[in-house]
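For the sequence shown, this note's numbering gives the first residue as 49, with consecutive numbering after it. Positions of the beta carbon are idealized from the N, C-alpha and C atoms, including for glycine.
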Amino acid sequence: MTGGNDRRVVITGVGPVTSIGIGAGPFWQALRAGRSVVEPRQLHLDFGKEVQIPMASMPPALPIIKPHHEFLERQDYAGYRDLAYALAAIDLAIEDARLTYDRANNTIGSIQAFEAPGMERAVVGLFETCATLSPDKPPQVYEALAPQYYNTQGFLYVHVMGKAFGFHGFSTSVHNACSSGMYAIELAAQRIRCGETDVMIVAGGEAFDTAVRIEWFRQLGLYAADATMRPFDAQSTGFYVGEGAGALVLESLSSAERRGATPYAEYVGGRFAQQGWKHSIPDVRANRLAGVIASTLESTGTSPESIDLIVPHGASTPTSDGYEAVSLKTSLNGRAKNAVATVLKPHVGHMLAASAIVELIGSLQAMRHGCVPATLNSRPTSGKLPVPLATETIEKEVRTLLKVSTGFTGHDAAAVFRRVD
C-alpha cells in the first residue's frame with residue numbers, strides 16, 4: 049500500500065455488547081430511546097463481606113454469549129466474562145462488516161483494550177481458596193492460584209482472541225486505563241497505513257465479579273453517590289461502572305471498496321499524551337489535553353468550525369469533567385459554532401478500558417443515522433462545556449466527529465472521525 053486510498057483507514061464493522069443492547073441495531077435503538085439499566089448488584093468485597101453496588105450489569109445466561117463461554121471453558125478460561133463479552137463483540141463486528149477470510153492464512157491482526165485482564169478471576173480464586181483453609185493447615189494460596197495469576201497478563205487474552213478467530217497478523221494489548229481503546233485504534237490504524245495488513249480488529253471488555261476494584265473508586269469519592277451519572281453537571285457526584293464489550297473492524301479504504309463494504313467513518317487520526325502527574329487526578333495546570341486536542345485538529349486538517357459532534361470522556365467527576373471542559377474551551381477557542389456534545393456513559397456505565405470503543409460505536413451510529421443521543425440526567429443550564437450539551441435526542445447531520453478520552457494515570461487522547469461519502 050503506497051498511497052491514495054490505501055493509506056486511508058475506515059471502520060467497516062461494529063460489535064457492541066452492552067447492558068442496554070447487543071448488536072448494532074438494538075444498541076442504537078436503546079441509545080436513541082434514552083435507555084439505561086442501573087441496578088444494585090451484590091458483590092464480594094472481603095472475606096465474609098458483601099456489598100451492594102449500583103452498576104450497569106450484563107444480564108446472565110445470554111444465548112449469544114454462551115458459545116464463547118463454552119469455548120473459554122475448553123481453553124481453561126472458565127468464568128472470564130470480560131473475555132467472553134469481547135469475543136462476542138468481535139463476532140458481531142465481523143458479521144456487521146460482512147468480512148470473510150481464510151482462518152489458516154491471513155494477516156488480520158488484533159489489539160485488545162483491557163484494564164485488568166484476568167484480575168477478577170484471580171481475586172475470586174483468592175477468596176475461594178482462602179475460604180477452604182483451616183487454622184491447622186499451612187496456606188498454599190500462591191501455589192493454588194498460580195495459573196490464575198499468570199492469566200492476568202494481557203498477552204494471554206491476545207492469544208485467546210487469535211485462537212478463537214484465526215487471526216495471524218500483528219497482535220498486542222493496551223492497558224492505558226480508560227483511554228486504552230483510543231490507543232488501540234491508533235495502533236491498529238498504523239499497521240494498516242504502513243502496509244502490513246488491510247484489516248485489524250480492536251476489542252475491549254469489562255466485567256465485575258467482586259467489588260475490589262470498585263471499592264477503590266468509592267474510597268476516592270469517584271463513585272456516584274446516588275447511582276446517577278450527571279456528566280458536566282454541577283450536581284455530579286461521580287460515575288458507576290458498566291459491564292460489556294465493544295469491537296471494531298478497521299480496514300484500508302481500498303480493501304473496503306474492493307469488498308463493497310459501507311464504512312461507518314474514516315479514522316482521520318489522533319494525538320496522545322502522558323501527563324506524568326497523579327494516579328486519579330488530572331494535571332489541570334499543565335492542561336496537556338488542550339494541546340492534544342489542538343494537535344489532533346491541526347494534524348488531521350480539521351477546523352473547529354467543521355466539527356458536528358463532540359463526544360467527551362465525561363466521567364462525571366467534578367475534577368475530570370472540569371479538566372475536559374477547560375481543555376475543549378482552550379483548544380476550540382470559541383470556533384466550534386456548529387458542534388454539539390453528548391456523553392454516552394450514563395447509558396451503559398463506565399466500562400473503563402472498553403469505554404472509548406463502546407462510546408465510539410454509539411457515535412458512529414449517530415453519524416450514520418443523523419441523530420445525536422441524549423446525555424442522560426444532566427441539565428443544559430448547568431453545563432461546563434463550551435458547546436451545547438445534548439440533553440434530549442436531536443436530529444442532526446454528523447459529518448465530523450471529535451472523540452476525547454482522558455484516563456487514570458494521565459493518559460490523554462483525542463481523535464477525529466469523518467463520514468465517507
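Item                                                                                                                                                        : Value
Only counting runs of 3 or more residues, tell me where the beta strand (DSSP E) segments fall wholly within the region 311–392, in order along the chain.  : 313–322, 357–359
Leaving out five residues on either side along the sequence, give the residues of the same chain with a beta carbon under 7 Å from the beta carbon of S375. : N335, L337, A338, I341
For T310, is the classification buried or exposed, using 16 other Cβ atoms within 10 angstroms of its Cβ as the cut-off for buried?                         : exposed
Just verifying my parser: in three-state terms, what is the DSSP assignment at M49?                                                                         : Caution is warranted here: a pLDDT of 38 is assigned to M49, below 50, making its placement in the model unreliable, and the coordinate value is therefore given only provisionally. Note: M49 maps to coil in three-state DSSP.
Based on the DSSP output, what are the partners of P102 in its beta bridges?                                                                                : P88
First and last residue of the alpha helix (DSSP H) that includes L131?                                                                                      : 129–145
How would you call R56, buried or exposed, if buried means at least 16 neighbouring beta carbons within 10 angstroms?                                       : buried
Considering Cα atoms alone, identify which of I355, G290, G294, K385 is closest to R89.                                                                     : G290
In the DSSP assignment, find the alpha helix (DSSP H) that holds V206 and state where it starts and stops.                                                  : 202–213
Leaving out five residues on either side along the sequence, give the residues of the same chain with a beta carbon under 6 Å from the beta carbon of T276. : N425
How about G294 and I156: are their beta carbons less than 7 Å apart?                                                                                        : no
Which word fits A72, buried or exposed, when buried means at least 16 other C-beta atoms lie within 10 angstroms of its C-beta?                             : buried
What did DSSP end up calling F162 once you bin it into helix, strand or coil?                                                                               : coil
What is the rounded straight-line gap between the Cα of S105 and the Cα of F287?                                                                            : 14 Å
Taking the alpha-carbon positions, what's the P352 to I113 distance?                                                                                        : 41 Å
What does the Cβ neighbour count give for F95, buried or exposed, with the cut at 16 atoms within 10 Å?                                                     : exposed
For I262, report the span of its beta strand (DSSP E) as first-last.                                                                                        : Unbroken run through I262 is the alpha helix (DSSP H), 260–267; no beta strand (DSSP E).
Using alpha carbons as the reference points, say which of G362, D150, D124 lies closest to A282.                                                            : G362
Quick check on the burial criterion: 16 or more other C-beta atoms within 10 angstroms. Buried or exposed for H116?                                         : buried
Counting only beta-carbon atoms, is S403 nearer than 7 Å to chain B?                                                                                        : Here chain B cannot be found, since the structure has a single protein chain.
Alpha carbon to alpha carbon, what distance is there between L296 and D144?                                                                                 : 10 Å
Quick one: what does DSSP say Y288 is sitting in, helix, strand or coil?                                                                                    : coil
Check whether the Cβ atoms of A389 and V452 sit closer than 7 Å, and answer yes or no.                                                                      : no
Is the region 209–222 touching the region 148–163 in the sense that three or more CB pairs, one from each, lie closer than 8 Å?                             : yes
How would you call A194, buried or exposed, if buried means at least 16 neighbouring beta carbons within 10 angstroms?                                      : exposed
When the distance is taken between beta carbons, is K444 closer than 7 Å to V464?                                                                           : no
If you draw a straight line from the C-alpha of S368 to the C-alpha of V359, how long is it?                                                                : 14 Å
Have a look at V260 and V65 and give me their C-alpha separation to the nearest angstrom.                                                                   : 23 Å
Within its chain, find whatever has a CB closer than 6 Å to the CB of D257; leave out the 5 residues flanking it on each side and keep chain order.         : E168, V172
Would you kindly work out how many angstroms separate the C-alpha atoms of R28 and E314, rounded to a whole number?                                         : With the chain represented from 49 up to 469, any question about residue 28 goes unanswered, as that position is not in the structure.
Could you say if the region 81–88 and the region 120–131 meet the contact criterion of at least three C-beta pairs nearer than 8 Å?                         : no
Where does F30 fall in DSSP's three states?                                                                                                                 : Only positions 49 to 469 of the chain appear in this structure, which leaves residue 30 out of reach.
Between which residues of its own chain and T350 is the CB-CB distance below 6 Å, once the five residues before and five after are set aside?               : V464
Pull up the distance between the alpha-carbon of E263 and that of P102, whole angstroms please.                                                             : 12 Å
Under 8 Å by Cβ, that's how I've got A253 and A137 pegged, so tell me the actual separation to the nearest angstrom.                                        : A small correction: the amino acid at residue 253 is Gly; Ala does not occupy that position in the sequence shown. Right, the Cβ-Cβ distance comes to about 7 Å (below 8 Å), so this counts as a contact.
Measure how close the beta-carbons of A212 and F280 come, nearest whole angstrom, since I'm counting them as under 8 Å.                                     : With 8 Å as the limit, A212 and F280 do not qualify as a contact, their Cβ atoms being about 39 Å apart.
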